[in-house]
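The structure appears right after this line, and notes come after that.
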Amino acid sequence: MTMDWGRLVLAGIFNVGAVLLVAPFLEGVVRKVTARIQSRQGPPIWQPYFDLLKLLGKEDIESGDVPGMQQFAARLSFAAAVAVACMVPMGVGVPLQGAGDAILLIYLMTLCGVCTVLGGLAAGSTFSLVGMSREMMSMVALEPLFAVAILIGAIHTGSFRLETVLDGSVYAAGGVPVSGLIMLGVVALSFQAFVARVPFDISEAETEIMEGPLMEYSGPKLAMFKYARMVKLVAYSALFVALFLPWGSSLVFPLGALLTWGKVLGLVLLVTLVAATHARYRIDQAIRYFGCLLGVSMVALVLASLGM
Amino acid sequence: MEARTKLGELKEKFGGSIRRADLPGGGRMFVVVDPRAIKAVCGHIFRDMGARYVISIGADDRPFSGEYLVAHNFAFDRAKLLCGVLSYLPAERPALDSISDVVPAASWAEREFRDLVGIEPIGHRYPKRLVLPDGWPEGVHPLRKDVSWDHVPANFDGELEFKFDDPPEGCVVVPFGPFHPTLDEPAHFRLYVDGEVVRGCEYRGFMAHRGIEKLAESVLSYNDIPMMAERICGICGCVHSVTYVQAVENAAALRVPERAEFVRTIMLEVERLHSHLLWVGLACHIVGFDTLFMQSFRIREPIMWVAEKITGNRKTYGLCVVGGVRWDIGSEMAAELRGVLDKLEEEWRSVVDAVSSDRNIQKRTRGVGVASAQLVKDVGLVGPVARASGADIDCRRDHPYAAYDRVDFDVIVARDGDVWSRLVVRMNEVFESIRIIRQCLEKMPGGPIQSQIEDELPVGRMGLSSVEAPRGEAHHFVVTGENNRPRRWRVRAPTYQNLQGIPSMIKDQQLADMTIALGSIDPCFSCTDRMETIDVRSGHRRIWSGEDLRRLALGGRG
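Same order as they appear, the protein sequences are chains A and B. Under my numbering, think of the first position of the first sequence as 612, with each following residue one higher. Under my numbering, think of the first position of the second sequence as 28, with each following residue one higher.
Here it is, written out as structure tokens:
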């Protein structure tokens, strides 16, 4: 076990470090590619790093109804995103595999959404509250989707252990993995919502409700929220890769790691492309859409329990 | 002679109440009516004769006739006739029956002349202040002739907050403005929201009134005003400058050289092109489709460059003077303009194809912000908003001006009245504009671009002009006057009417649809407010209080 401990600490440092370092870079890629699609020059690819540094260096202004809670929400949101990153393999195994199981991962993912709600509630302005209520509505319909996928993996493998579930477990059923393929479709179709991008950036919709929950935030707190959003994009992409596109990830270091990051980058580019070619949905349209997906995922769950 | 028939009908019905009538020809008619019969006459014209309401004007005519003047303007679009219904009111009691019961579209205009001229619309259902701030003292009316243009009453309280109406029960107020990312200018909608559904709203605008009309009547001269009129709006400035000079030319019966008319037509259509492209881009931005937003602006850019080549400016062309234009379009420029149009047509075709087949955009725009045909009639909606609801009106065809009677084009009409229809109408109007400009370049005759005006303009004549702006009909009313300037000049931008339709369009809609519904009328608040200044200052920083700004505006005299 001692050897394992050393490996786990290293993997933890690698995971968190890599996510923190690479997340702003991928955000820069998103912005650059978006700009190219829109016939614009776009900002330098390093711009998100500068943005974060700038925000972190600004005065921390206390505003809103409950300043303490705003601080808390901002930090918790960042912490939750990083914690999710700790539980997802980034090419070198799952660092926290001994400390938690798939159920914890589901909780942490929900916590990311709760932080947005908390942030909006703490700010207390009208638009924050509208954004908060939108986030809450979509959370109810959205969060179960990834949870069902993880659950199906757990059913197939008979284990909640992270390293077992997060290794393409959705396809682990014998024969044609019907339920796994269904969930691949469901999560792919809702992925933009998990990373809060167009057409599902509804709770922040700048042109409607002025960034909703975020509108009262500035300086370091805003940096926390923004950083959390970037980390979420990476962590969720990696989670998607681990759950649905596991092939080649277990190759020897650094091959497996490079392959994983390559797949993450591919997924991020896909997210960018979808975001650049769609208009934002209305909350009621989005909820109906998530509702349909939820129905489909329930069918998949039943199929999984029947061993398909 | 349509005008004579209409007048005959009015005389037959109202007999003695019609005091005087003037049929100057050219599609204009003025009828002077007994103030006691104004409501009946306007009601008959609007309801029974099917006219479209345009605007109401209040004027202080005391120095000339000893009375106040009110004009209600209507348009008979099929008969190609613009009609002013005038009433003179005694100086000691400037009041007349409100027509807003029978002509709901007159609501704002009546509130405006109540504020600015002090003419009381008796029986108005919502006589709240429209233009003046709540801190302005009672009894001081800026557009009266005995109030100087820079007069600020001693007891004016510029800091006083607006008094708003109470929201209906069960609704929370969501403020939309005065500053909002999708409003480029200050305007304030207080939305009454029940969950995510908008139940109603109150509008407060006129936050940046520049007093342009007052300046024109007291400081500027006939040929200064086109330059000022152009600054009413940053998007359709040329429209206002053309509308003004046409109103003066109409009043003074001036002839404009034919070449100047063609130049005006070309520049108006160039302006429509850039405005529609801008709007389609912004509409996409509002629903979160930024790619199309950026592409629209890229496609639009060559239009701005060619405008700069012709006039020296991307916008604010400085085109018109009374009796002609200042810039000519030579053969070299015409060739370049043709090239730009060819490229634009091709690129725009691909945008239209992309949008037409995009179900995503349709989901956000179909059935949203619907204006019924009844609303179009009642509130006097104009332009693409009216045409998207099936109203086949277009001033370019109905009240031809400049060279529009010499070119061939289609008026684009859609049926559903929602945001999608407005999008479709505007997108297709771009092709018609291209067609019009091409024909103009083809048919433009030689000759001078300004007519010589030997004599002073006659005094006390009235002129009307309607121009189809990108957003709808812009209408100017001018009474010529002494000292080389008009006595009264009233500007009615299309947004003035279209904004009044917003409360009905957004009622019971999702909050998320509010921005696109409002955006779909392509609102121009500075046109409506008819004043706005933007001051870009660098160097040392300074926080300007309202008081400081006022002192600055008055050149230290405040």
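Note that the Cβ used here is the ideal one computed from N, Cα and C, for glycine as well. Predicted, not measured: the structure shown is a model, and the values here were computed from it.
- Query: For the region 528-548 of chain B, which residues have a CB atom closer than 8 Å to at least one CB atom of chain A, in sequence order?
  - Reply: Q537, L538, A539, D540, M541, T542
- Item | Host alpha helix (DSSP H) of B:W332 (start-end) | 317-338
- Task: Grab the span of the alpha helix (DSSP H) containing B:F191 for me, first residue to last.
- Result: No alpha helix (DSSP H) contains B:F191, which DSSP labels as neither H nor E.
- Message: If I measure Cβ to Cβ from B:P530 and keep anything under 7 Å in the same chain, skipping five residues before and after, which residues do I get?
- Response: G227, C228
- Tell whether a beta-carbon distance below 9 Å holds between B:A86 and B:R515. yes
- Message: Please return the same chain residues whose Cβ sits closer than 7 Å to the Cβ of B:F191, not counting the five positions on each side in sequence.
- Response: R217, E229
- Message: When you compare the CB of A:S744 with every CB in chain B, is at least one pair closer than 9 Å?
- Response: yes
- To which residues of the same chain is A:L740 closer than 7 Å at the C-beta, ignoring the five residues directly before and after it? G731
- Message: Restricting to runs no shorter than 4 residues, where is the alpha helix (DSSP H) found entirely within the region 477-555 of chain B?
- Response: 521-533, 538-546
- Message: Among the candidates B:V130, B:S114, B:D61, whose CA atom is the shortest distance from the CA of B:Q527?
- Response: B:V130
- Query: Can we say the region 451-468 of chain B touches the region 256-265 of chain B, given the rule of at least three CB pairs closer than 8 Å?
  - Reply: no
- Message: Given this structure, state the Cα-to-Cα distance separating B:I330 from A:F661, to the nearest angstrom.
- Response: 36 Å
- Item | CB contact check: A:V759 to chain B, cutoff 9 Å | no
- Message: Judging by CA-CA distance, which residue of B:L50, B:G54, B:P411 is the nearest neighbour of B:P427?
- Response: B:G54
- Taking any Cβ of chain A, which residues in the region 315-332 of chain B have a Cβ under 7 Å from it, in chain order? G315, F316, D317, T318, M321, Q322, R325
- Message: With a threshold of 9 Å between beta carbons, is B:C311 in contact with chain A?
- Response: yes
- Message: Let's test the definition: count the other Cβ atoms within 10 Å of the Cβ of B:V563 and tell me whether it reaches 16, buried, or not, exposed.
- Response: Since pLDDT at B:V563 reaches only 36, below the 50 mark, its modelled position is unreliable, and the value read off the structure follows with that caveat. The residue in question, B:V563, is exposed, as its Cβ has fewer than 16 Cβ neighbours within 10 Å.
- Task: Given a cut-off of 9 Å, decide if B:H151 and B:E139 are closer than it, judged by their beta-carbon atoms.
- Result: no
- Task: Leaving aside the five residues before and after A:V748 along the sequence, list all residues of the same chain whose C-beta is less than 7 Å from its C-beta, in chain order.
- Result: The sequence given here places Met at residue 748 of chain A; Val does not occur at that position. Cβ neighbours of A:M748 beyond the five flanking positions: I894, I898.
- Classify A:Q652 as buried or exposed, calling it buried when 16 or more other Cβ atoms lie within 10 Å of its own Cβ. exposed
- Message: Going residue by residue through the region 101-183 of chain B, where are the continuous alpha helix (DSSP H) segments of at least 4 residues, counting only ones entirely within it?
- Response: 134-143
- Message: Restricting to runs no shorter than 4 residues, where is the alpha helix (DSSP H) found entirely within the region 852-904 of chain A?
- Response: 866-887
- Item | Contact set between A:I648 and chain B, taken where Cβ atoms lie within less than 7 Å | T318
- When the Cβ atoms of the region 269-284 of chain B are set against those of the region 481-493 of chain B, are three or more pairs found closer than 8 Å? yes
- Query: Anyone know if the C-beta pair for B:D437 and B:S416 falls short of 9 Å?
  - Reply: no
- Distance, Cα to Cα, B:E119 vs B:A520? 31 Å
- Query: What number of angstroms, rounded off, separates the C-alpha of A:V907 from the C-alpha of B:D380?
  - Reply: 33 Å
- Which one of A:S744, A:L912, A:A694 has the shortest CA to CA distance from A:A839? A:A694
- Simplified DSSP assignment, three categories, for B:T560: Caution is warranted here: a pLDDT of 32 is assigned to B:T560, below 50, making its placement in the model unreliable, and no coordinate value can be reported.
- Message: Would A:V809 pass as an interface residue toward chain B - the criterion being a Cβ-Cβ separation below 9 Å?
- Response: yes
- Task: Look up B:P202 in the DSSP assignment and give the residues it is bridged to.
- Result: B:R217
- Task: Output yes if chain B places a C-beta closer than 9 Å to the C-beta of A:M747; else output no.
- Result: no
- With 8 Å as the limit, tell me which residues of the region 867-899 of chain A have their beta carbon closer than that to any beta carbon of chain B; keep them in chain order. A887, T888, H889, A890, R891, Y892, R893, I894, D895, Q896
- Please check if any C-beta of chain B sits within less than 9 Å of the C-beta of A:T737. yes
- Message: Rounded to the nearest angstrom, what separates A:Y828 and A:E815 at their Cα positions?
- Response: 13 Å
- Query: If you draw a straight line from the C-alpha of B:F203 to the C-alpha of B:R46, how long is it?
  - Reply: 47 Å
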